[in-house]
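Encoded as structure tokens, the structure appears first; notes follow it.
In our numbering, the protein residues as written are 302 to 470.
This is the structure in structure tokens:
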């Protein structure tokens with residue numbers, strides 16, 4: 302089932318990326334703050350992004366996962382991508398903290414992890430992605446990769462895709 306989800310996410314990512322590359326350039330609707338939903342490889346949740354300058358943003362994500370909750374904070378640097386004003390390339394780093402209950406957890410890279418009791422999640426995160434702000438609409442769509450190092454139950458490294466849909470203001 303997770304394999305089907307990954308294929309759908311990859312197909313959607315390629316389709317959205319293709320549409321963005323052939324779209325016409327027009328006036329972008331710049332924004333200072335955005336609130337929305339983030340769908341990821343491990344967590345789905347609520348996202349809040351705030352620009353401190355034109356190219357620096359802070360993003361917080363409250364992610365819900367099977368048997369758990371994770372809070373992630375990211376420092377992001379944004380810059381125009383492919384000469385399209387509405388399309389921004391962004392990258393950055395941050396950290397996460399959370400907890401999850403007992404169970405079997407599948408990792409995207411393979412190999413199941415079995416936990417017999419609740420445990421803390423704590424680690425370092427990265428982000429690398431593209432965000433498109435729809436002209437004449439208060440909507441931004443993002444696709445990204447989130448590499449992370451889990452320290453509390455590891456250390457181990459993994460990477461997960463993410464799709465964000467945000468209301469901008």
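Just so you know, even glycine gets a beta-carbon here, dropped at the ideal spot from N, CA and C. Note that the structure is predicted; figures quoted are calculated from it, not measured.
What is the DSSP secondary structure of residue 333, reduced to helix, strand or coil?
-> Here residue 333 corresponds to residue number 32 of the chain shown, with the count starting at 1. Residue 333: coil per DSSP, three-state reduction.
Let me know the secondary structure DSSP gives residue 452 once reduced to three states.
-> Here residue 452 corresponds to residue number 151 of the chain shown, with the count starting at 1. Residue 452 falls in the coil class under three-state DSSP.
Going by other Cβ atoms of all chains shown within 10 Å of its Cβ, with 16 needed for buried, is residue 371 buried or exposed?
-> Within the chain shown, the letter at position 70 stands for residue 371. Residue 371 should be labelled buried.
Assigned secondary structure, residue 470 (DSSP; H/G/I helix, E/B strand, else coil) = Here residue 470 refers to the residue found at position 169 of the chain shown. Coil, per DSSP.
Evaluate contact between the region 417-426 and the region 329-346, counting only Cβ atoms and requiring at least three cross-stretch pairs below 8 Å.
-> no
Could you have a look at residue 439 and say whether DSSP puts it in helix, strand or coil?
-> Position 138 of the chain shown, counted from the first residue, corresponds to residue 439. Coil.
Near the ligand HEM: residue 332 beta-carbon under 8 Å from a heavy atom | The ligand HEM is not among the ligands present in this structure, which contains no ligands whatsoever.
Pick helix, strand or coil for residue 400, following the three-state DSSP scheme.
-> What you label residue 400 is simply residue 99 of the chain shown in a count that begins at 1. Residue 400: strand per DSSP, three-state reduction.
Secondary structure of residue 419, DSSP reduced to three states = As a first step, residue 419 must be located in the chain shown, where it is residue number 118. Here residue 419 sits in coil by DSSP.
Where does residue 384 land, buried or exposed, given buried means 16+ other C-beta within 10 angstroms?
-> Here residue 384 refers to the residue found at position 83 when the chain shown is read from its first residue. Counting the other Cβ atoms within 10 Å of the Cβ of residue 384 gives fewer than 16, which makes it exposed.
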